[in-house]
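Engineer: Chains as they are written, first to last, in the numbering used here: chain A, 1 to 319; chain B, 1001 to 1319. Below: one structure in structure tokens.
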């Protein structure tokens, strides 16, 4: 897979010679710029390597399917991304990733590369609000990468980049919905079981348990359940602006994402909330899982400017 | 679906008021420019409406799932896309589409809009070479749209635009491979049956019969069968350049497309053929069908320049 991807995206990505699990942006790291390192398991393509390039991430560490990358490649990414102004690690809050990114951060600091880590926790169904830090990072992490990448590209300090990425994470709210499991290539088995007429709301991107299993319902009803839950946490008054990401987990087609988006737009519009940016498609997948997630980033002027900042990567281009 | 898509892509697409099955590019048609009209059934998203915008198509006519659009909306598209220099219809060679686009072309000519029609026939597995005109148009049509759109945008005459689109069609070679059927929303049934360990080579984007059903094989072997067949028709000498499209039919993840691309690149490289452009992802789908297609456009200097010409649409942006 990596051989194919690096051949395909040679204009964006180059292998880091000291590791076969780390890639660096061809036009990313530069002296004086904070470096942005992302990464995680494979099986979520275009996460994470599709978001490496100018204006976004500088390097990506790559694990096995649904497994964290080892500390070694993450350290190589930190070194490759370092331009002397420090490095930001932004990754999903999963035990394996946390352990390995933390080890790599320590090793990088020993080599005099200052590292700050932001764990994405946008999956609001994964843990109650009292345990916000225990939540998982899912598709909304693409918003957080984008904000962090723009802040780095604009030459802000490590403190400022960290603060902006944290703000983006605090204001991103995602819920996923699964209809059918994916098949794990390692085991050739499904990663969970669900009845043909059932739906699970709140499911994670590796098939983690959601908050509710129910009989299949119409797209508008699914969207309403998701949006009600997002509205219960997102304190966006009338007149606010948001970015919306309707993301396929893999097998759910664009046609159905548009149907979900239609209702998302209606619900936001009814509250007089403006959709400033919408992304609809395959942004953070789970192999061939059937399902989708809805992420809302509650913008302010600063985040809006960063979200619109140009980037040029294999999977996201903002001119 | 259309409500969601037009809300999402309001910067690119506007409904044509006289039809609920026709959309026009916000920044497409202009006086003196040949207009490009595309269209077909839904269920292939981002085909076709994702390719409407500056530098690509000017209007799109939209049918039901896997069904041709009626002549009325196609005529409305021709009128909306007409800038006084004539209109090009580019669409896949299917009986329903041919009938309705031809009726619309006649109606447009009655209203003094000159129309030329190019039927895409890139699916080389769909009919033997002796019956080239009987072949179906599949994912390779995205290349043909792109060439035609660029020719129109560069202000070429209707004759020239037609000739270039025909040349692109003549030099585009696609073969699809299916592993699992899609589920038709109208019937809630599969559109064909295939064993869990079987694979069908040459299958069309609506589940049309392929050329060979076989036991499941490795990705490299699948790619070799496809490429051998493409090489048997594509007369590209060493030193040639091509564009490659590795397209998911829906449920096949990007990860697997990269694995296919890896082998495509090896095969082309062994013949000293350069990949000038590669597109890998969901370009022309079949709802949630499991499978992929490989399209090769044999470039020359003229086609290469047109393929790289800037375009700005919901699903394809070339800066």
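Using N, Cα and C, we set each Cβ at its ideal position, and we do this for glycine too.
#1: Identify the contact partners of residue 288 of chain A in chain E, using a Cβ-Cβ distance below 8 Å as the criterion.
#2: Which term fits residue 112 of chain A, buried or exposed, when burial requires 16 or more other beta carbons within 10 angstroms of its beta carbon?
#3: Among all the DSSP beta bridges, which residues are the ones paired with residue 120 of chain A?
#4: Relative to chain B, which residues along the region 255-266 of chain A have a C-beta separation below 7 Å, given in chain order?
#5: Please work out which residues of its chain come closer than 7 Å, Cβ to Cβ, to residue 1075 of chain B, disregarding the five sequence neighbours upstream and downstream, and give them in chain order.
#6: Of all the CB atoms in chain B, is at least one closer than 7 Å to the CB of residue 223 of chain A?
#7: Any idea if residue 129 of chain A is buried or exposed, counting beta-carbon neighbours within 10 angstroms, 16 or more meaning buried?
#8: Can you pull the chain B neighbours of residue 190 of chain A, defined as C-beta to C-beta under 7 Å?
#9: Let me check understanding here. Comparing Cα to Cα, which of B/1276, B/1295 and B/1230 lies closest to residue 1305 of chain B?
#10: May I ask which residues mark the beginning and end of the alpha helix (DSSP H) holding residue 1229 of chain B?
#11: Shortest alpha-carbon distance to residue 1160 of chain B belongs to which of B/1211, B/1134 and B/1033?
#12: Out of curiosity, what's the CA-to-CA distance linking residue 125 of chain A and residue 253 of chain A?
#13: Within the 7 Å Cβ cut-off, does residue 1114 of chain B reach chain A?
#14: Who are the Cβ neighbours of residue 1319 of chain B in its own chain at under 7 Å, not counting the five residues just before and after it?
#15: According to DSSP, is residue 212 of chain A helix, strand or coil?
#16: At a cut-off of 6 Å, would you count residue 1184 of chain B as near the ligand MN, judging by its Cβ distance to the nearest heavy atom?
#17: Please compile the residues from chain A whose C-beta is within a distance smaller than 8 Å of the C-beta of residue 1093 of chain B.
#18: If you measure from the beta carbon of residue 1278 of chain B to each beta carbon in chain A, is any gap under 7 Å?
#19: Can you round the beta-carbon distance between residue 1014 of chain B and residue 1023 of chain B to whole angstroms, since I take them to be within the 8 Å contact cut?
#20: Of the residues A/315, A/27, A/165 and A/210, which one's Cα is nearest the Cα of residue 179 of chain A?
#21: DSSP state of residue 177 of chain A, grouped into three classes?
#22: Buried or exposed: where does residue 282 of chain A fall if 16 or more other Cβ atoms within 10 Å of its Cβ makes it buried?
#23: Please classify residue 1237 of chain B: is it buried, with 16 or more other beta-carbons within 10 angstroms of its beta-carbon, or exposed?
#24: Just mark residue 169 of chain A as buried or exposed, buried being the case when its beta carbon has 16 or more other beta carbons within 10 Å.
#25: Taking C-beta to C-beta, are residue 201 of chain A and residue 218 of chain A nearer than 7 Å?
#26: Which class does residue 58 of chain A belong to by DSSP, given the choice of helix, strand or coil?
#27: Write down the C-beta distance between residue 1296 of chain B and residue 1229 of chain B rounded to the nearest angstrom, noting that I regard them as a contact closer than 8 Å.
#28: Please name the residue in A/64, A/227 and A/60 whose C-alpha comes closest to that of residue 172 of chain A.
#29: Any beta carbon from chain A within less than 7 Å of residue 1001 of chain B's own beta carbon?
#30: Using the three-state DSSP reduction, which class does residue 1311 of chain B fall into: helix, strand or coil?
#31: Cα separation between residue 314 of chain A and residue 1246 of chain B?
#32: My output table needs one value for residue 300 of chain A: the three-state DSSP class, helix, strand or coil.
#33: Given a cut-off of 7 Å, decide if residue 1138 of chain B and residue 1123 of chain B are closer than it, judged by their beta-carbon atoms.
#34: Just confirm the distance between the C-beta atoms of residue 1148 of chain B and residue 1036 of chain B, as a whole number of angstroms; I'd bet it's less than 8 Å.
#35: With H, G and I counted as helix, E and B as strand and the rest as coil, what does DSSP make of residue 1189 of chain B?
#36: Using a Cβ-Cβ cut-off of less than 7 Å, give me the residues of the region 21-49 of chain A that come near chain B, in sequence order.
Structural biologist: Concretely, from the data shown:
#1: The structure shown contains no chain E; its protein chains are A and B.
#2: It counts as exposed.
#3: Residue pairing by DSSP places residue 120 of chain A opposite A/92 in a beta bridge.
#4: The region 255-266 of chain A vs chain B, Cβ under 7 Å: 255, 258, 259, 261, 262 and 265.
#5: Cβ neighbours of residue 1075 of chain B within its own chain (closer than 7 Å, five residues either side excluded): 1104, 1107 and 1108.
#6: With 7 Å as the cut-off, residue 223 of chain A does not count as an interface residue toward chain B.
#7: Per the 10 Å Cβ criterion, exposed.
#8: Here the premise fails: no neighbours, minimum Cβ distance about 13 Å.
#9: Looking at the Cα atoms, B/1276 is the closest of the given residues.
#10: Residue 1229 of chain B -> alpha helix (DSSP H) spans 1219-1233.
#11: Closest by alpha carbon: B/1033.
#12: Between residue 125 of chain A and residue 253 of chain A, the C-alpha separation is close to 23 Å.
#13: Among the CB atoms of chain A, none fall inside 7 Å of the CB of residue 1114 of chain B.
#14: Closer than 7 Å at Cβ, skipping near neighbours: 1310.
#15: The answer is strand: DSSP assigns residue 212 of chain A an E or B state.
#16: Ligands are entirely absent from the displayed structure, and the ligand MN is therefore not among its contents.
#17: Listed along chain A, no residue sits closer than 8 Å to residue 1093 of chain B by beta-carbon distance, the nearest being about 23 Å off.
#18: Closer than 7 Å to the CB of residue 1278 of chain B there is at least one CB belonging to chain A.
#19: Contact between residue 1014 of chain B and residue 1023 of chain B holds: their C-beta atoms lie close to 7 Å from each other, under 8 Å.
#20: The shortest Cα separation from residue 179 of chain A among A/315, A/27, A/165 and A/210 belongs to A/210.
#21: Strand.
#22: If you draw a 10 Å sphere on the C-beta of residue 282 of chain A, you find 16 or more other C-beta atoms in it, and that means buried.
#23: Classified as exposed, residue 1237 of chain B has fewer than 16 neighbouring CB atoms from the shown chains inside 10 Å of its CB.
#24: In summary, residue 169 of chain A is buried, with 16 or more beta-carbon neighbours lying within 10 Å of its beta-carbon over all protein chains present.
#25: No, the Cβ-Cβ distance between residue 201 of chain A and residue 218 of chain A is not below 7 Å.
#26: It is coil, neither helix nor strand.
#27: No, residue 1296 of chain B and residue 1229 of chain B are not in contact; Cβ-Cβ is about 11 Å, not under 8 Å.
#28: Sorting A/64, A/227 and A/60 by C-alpha distance to the C-alpha of residue 172 of chain A places A/227 at the top.
#29: Yes, residue 1001 of chain B lies at the interface with chain A (some Cβ there is under 7 Å from its Cβ).
#30: Residue 1311 of chain B falls in the strand class under three-state DSSP.
#31: About 14 Å.
#32: Coil.
#33: Yes.
#34: With a contact defined as Cβ atoms closer than 8 Å, residue 1148 of chain B and residue 1036 of chain B qualify at about 5 Å.
#35: Secondary structure at residue 1189 of chain B: strand, using DSSP grouped into helix, strand and coil.
#36: Going along the region 21-49 of chain A in chain order, one finds 42, 43, 45 and 46 with a Cβ nearer than 7 Å to chain B.
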